[in-house]
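Number of protein chains: 2
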Amino acid sequence: MAHLDLEKPLLERNDRLAAENKKLTDDAGVFMVDLMASPGAGKTSTILATIEALRESYRIAVIEGDIASDVDSQTIKSKGITAVQINTGGACHLESDMIARALGVLDVEALDLIIIENVGNLVCPTDFYLGEDAKVMILSVPEGDDKPLKYPGIFQISDAIILNKVDTTPVFDFDREAFLSSVQGLNPTAPVFEIAATTGQGVESWIDWLTARVDKKKKPLR
Amino acid sequence: MAHLDLEKPLLERNDRLAAENKKLTDDAGVFMVDLMASPGAGKTSTILATIEALRESYRIAVIEGDIASDVDSQTIKSKGITAVQINTGGACHLESDMIARALGVLDVEALDLIIIENVGNLVCPTDFYLGEDAKVMILSVPEGDDKPLKYPGIFQISDAIILNKVDTTPVFDFDREAFLSSVQGLNPTAPVFEIAATTGQGVESWIDWLTARVDKKKKPLR
Chain Z
1 MAHLDLEKPL LERNDRLAAE NKKLTDDAGV FMVDLMASPG AGKTSTILAT IEALRESYRI
61 AVIEGDIASD VDSQTIKSKG ITAVQINTGG ACHLESDMIA RALGVLDVEA LDLIIIENVG
121 NLVCPTDFYL GEDAKVMILS VPEGDDKPLK YPGIFQISDA IILNKVDTTP VFDFDREAFL
181 SSVQGLNPTA PVFEIAATTG QGVESWIDWL TARVDKKKKP LR
Chain H
1 MAHLDLEKPL LERNDRLAAE NKKLTDDAGV FMVDLMASPG AGKTSTILAT IEALRESYRI
61 AVIEGDIASD VDSQTIKSKG ITAVQINTGG ACHLESDMIA RALGVLDVEA LDLIIIENVG
121 NLVCPTDFYL GEDAKVMILS VPEGDDKPLK YPGIFQISDA IILNKVDTTP VFDFDREAFL
181 SSVQGLNPTA PVFEIAATTG QGVESWIDWL TARVDKKKKP LR
């Protein structure tokens with residue numbers, strides 16, 4: 001369709017700014033992860049569980065992307081963690097210029113980990129590189145085991161996949177084997193972490209995966 | 001941002017084709033409803049419950065929009081109902097030219113009700129008029145009561161709102177009063193139907209609302 005061509009220069013501009021974001025965080029030794037999911041899959045709960053597990057060991061900040069409102073950044077701030085709210089004003093994903101502005105507000109040198117909570121969407125965030133070190137997606141059990149078939153792109157580009165709300169499996173007709181097999185077909189290398197963010201179930205393996213990457217990038221203190 | 005201006009002529013083209021879709025269905029006396037929701041909120045289950053309730057009284061067809069796959073249209077067809085699959089190939093919403101092509105495949109004169117299942121997304125479908133008579137959105141309880149605050153646009157433009165999976169309320173921390181109050185603030189005139197599509201709970205009021213509109217548009221048989 002015509003607008004795909006129109007979008008090309010915009011994507012190029014996005015990638016150029018994303019590369020600047022990457023350089024900024026590389027120089028500071030900060031690991032930046034872009035967390036993507038549908039509305040209500042548990043992005044904020046997963047971030048809260050991650051903060052809880054890592055706040056003693058690392059200096060963390062959160063960049064919150066939403067169409068509107070600041071409820072999520074208020075939640076994060078109430079835990080004593082720095083949070084920058086971005087309102088996209090209608091756009092269904094974050095772009096690298098928004099992240100550049102958020103990084104400008106943060107004291108990046110004084111951080112080890114930046115968690116970006118993208119806009120709730122299984123489609124739009126897929127196409128936009130923000131300068132992050134990893135893209136991680138969350139699917140929740142109530143959304144159904146067929147989602148990899150319907151939204152293959154986001155499963156393909158994710159470096160790790162979190163299956164959240166596994167404690168609700170008894171309530172929903174979720175075929176775990178079918179889900180894992182679909183994911184394996186789309187993305188054989190991404191680990192799948194099965195968690196319940198609100199109870200802490202299974203969160204350790206996700207934390208181990210993330211910790212290894214934050215440590216690898218962290219600059220030794222001088 | 002720059003691409004909003006670039007998109008303007010595309011939206012105008014979309015609206016022009018949508019008006020043609022509207023005229024086609026008006027002339028045939030067919031009611032067309034655009035069903036929007038997040039991935040996994042229960043669009044297909046709601047359509048199945050609607051078909052079950054109305055199949056004896058009306059001639060129904062379904063237009064299925066997905067990024068990829070045809071699992072939903074196969075499900076609908078397995079119930080003996082005509083279904084046309086549209087794969088958007090990455091786009092996060094349906095556009096009116098896709099609906100025009102689907103209407104070209106259907107025998108519109110021989111129908112009373114066309115249900116469009118939009119791509120699973122709370123953002124993108126909001127901006128695209130397809131020529132439908134009504135836009136209806138579904139939110140499901142597991143997604144959380146704060147979704148009207150985060151995705152106000154879709155709540156504002158919907159003619160009716162379905163709250164699905166109300167049977168799972170005991171499992172989730174969903175504040176019904178807060179949800180209804182947020183919806184009321186955004187869209188005071190849209191009815192909210194609280195249903196569990198898979199058990200049939202509460203489906204009657206949704207069916208009554210839809211039936212009244214299908215009957216109003218239906219041409220008397222000659």
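Protein chains in written order, with the numbering used here: chain Z, 1 to 222; chain H, 1 to 222.
From the three backbone atoms N, C-alpha and C, an ideal C-beta is built for every residue, glycine too.
Decide if residue i is buried, meaning its Cβ has at least 16 other Cβ atoms within 10 Å, or exposed.
i      : result
K219/H : exposed
V141/H : buried
P125/H : buried
G144/H : buried
V62/H  : buried
A28/H  : buried
S96/Z  : buried
S45/H  : buried
A2/Z   : The predicted model places A2/Z with a pLDDT of 36, which falls under 50 and marks its position as unreliable; any figure quoted below should be read in that light. Exposed, because fewer than 16 other Cβ atoms sit within 10 Å of the Cβ of A2/Z.
P170/Z : exposed
D112/Z : buried
T50/Z  : buried
A41/Z  : buried
K23/H  : exposed
K8/Z   : exposed
P224/H : The question about residue 224/H has no answer, for chain H in this structure spans 1 to 222.
S78/Z  : exposed
D175/H : exposed
D107/Z : exposed
G65/Z  : buried
In chain order, what residues of the same chain have a beta carbon less than 8 Å from the beta carbon of residue i, not counting five sequence neighbours either side?
i      : result
I67/Z  : N87, T88, G89, G90, A91, C92 and V119
V166/H : V141, E194, I195, A196, Q201 and G202
I286/Z : Residue numbering for chain Z in the displayed model covers 1 to 222; residue 286/Z lies beyond these limits and cannot be assessed.
V136/Z : V33, D34, L35, M36, S158, D159, A160, I161 and I162
E12/H  : none
Let's see if you can read the secondary structure: which residues bound the alpha helix (DSSP H) around residue i?
i      : result
D97/H  : S96 to V105
L210/H : V203 to K217
F179/H : R176 to L186
F128/Z : Counting along the chain, F128/Z falls outside any alpha helix (DSSP H), and DSSP gives it neither H nor E.
F155/H : P152 to I157
T46/Z  : K43 to L54
Residues of chain H with CB under 9 Å from residue i, in chain order?
i      : result
T168/Z : P142, T168, V171 and F172
V192/Z : Here the premise fails: no neighbours, minimum Cβ distance about 17 Å.
Skipping 5 residues on each side, what residues in its chain have a beta carbon closer than 6 Å to that of residue i?
i      : result
P148/H : F155, S182, V183 and L186
V84/Z  : I63, A102 and V105
L210/Z : none
K216/Z : none
E109/H : A28
L4/H   : Since pLDDT at L4/H reaches only 43, below the 50 mark, its modelled position is unreliable, and the value read off the structure follows with that caveat. Within the same chain, L4/H has no close Cβ partners at all.
A18/Z  : S96, Y129, L130 and G131
What residues from chain Z crowd round residue i, counting only those whose CB sits closer than 8 Å?
i      : result
Y151/H : P39, I67, A68 and G120
Per DSSP, what are the beta-bridge partners of residue i in this structure?
i      : result
A110/H : Answer by DSSP bridge pairing: none, since A110/H is not bridged.
V62/Z  : A83/Z and I115/Z
I138/H : A37/H and I162/H
V30/Z  : None; V30/Z has no bridge partner.
E12/Z  : Bridge partners of E12/Z: none, in fact.
V71/H  : Paired residues: none, contrary to the question.
V192/H : I161/H
Using a C-beta to C-beta distance shorter than 7 Å, which residues of chain H count as neighbours of residue i?
i      : result
G90/Z  : G153
A62/Z  : Checking the sequence shown, residue 62/Z turns out to be Val, not Ala. Going along chain H, no residue has its Cβ under 7 Å from V62/Z, so there is no contact; the nearest lies around 16 Å.
V105/Z : What V105/Z touches in chain H: nothing, since even the nearest Cβ is about 19 Å away.
V84/Z  : Simply none; closest approach about 17 Å.
V108/Z : Within chain H, no residue comes near V108/Z; the closest Cβ sits about 24 Å away, beyond 7 Å.
For residue i, which residues in chain Z fall below 7 Å Cβ to Cβ?
i      : result
D146/H : V71
V136/H : Under the 7 Å cutoff, chain Z gives no residues; its nearest Cβ is about 17 Å from V136/H.
Return the chain-ordered list of same chain residues with a C-beta closer than 7 Å to the C-beta of residue i, the five sequence neighbours on each side being excluded.
i      : result
V192/Z : I161, L163, L180 and V183
A53/H  : V203 and I207
V214/H : F31, Y58, D112 and L113
T199/H : D167
D15/H  : Y129
I205/Z : Inspection of the sequence shows that residue 205/Z is occupied by Ser rather than by Ile. Result list for S205/Z: F193, in chain order.
L10/Z  : none
For a contact meaning CB atoms closer than 8 Å, what does residue i contact in chain H?
i      : result
V214/Z : Going along chain H, no residue has its Cβ under 8 Å from V214/Z, so there is no contact; the nearest lies around 28 Å.
Should residue i be listed as close to the ligand GTP, given that the test is whether its C-beta is under 8 Å from any heavy atom?
i      : result
P188/H : As presented, the structure is devoid of all ligands, the ligand GTP included, so that no description of it is given.
If the cut is a Cβ gap below 9 Å, which residues of chain Z does residue i touch?
i      : result
V183/H : Ordered by position in chain Z, no residue passes the 9 Å Cβ test against V183/H, which lies about 14 Å from the chain.
V203/H : By Cβ distance, chain Z contributes nothing, its closest Cβ being about 18 Å from V203/H, past 9 Å.
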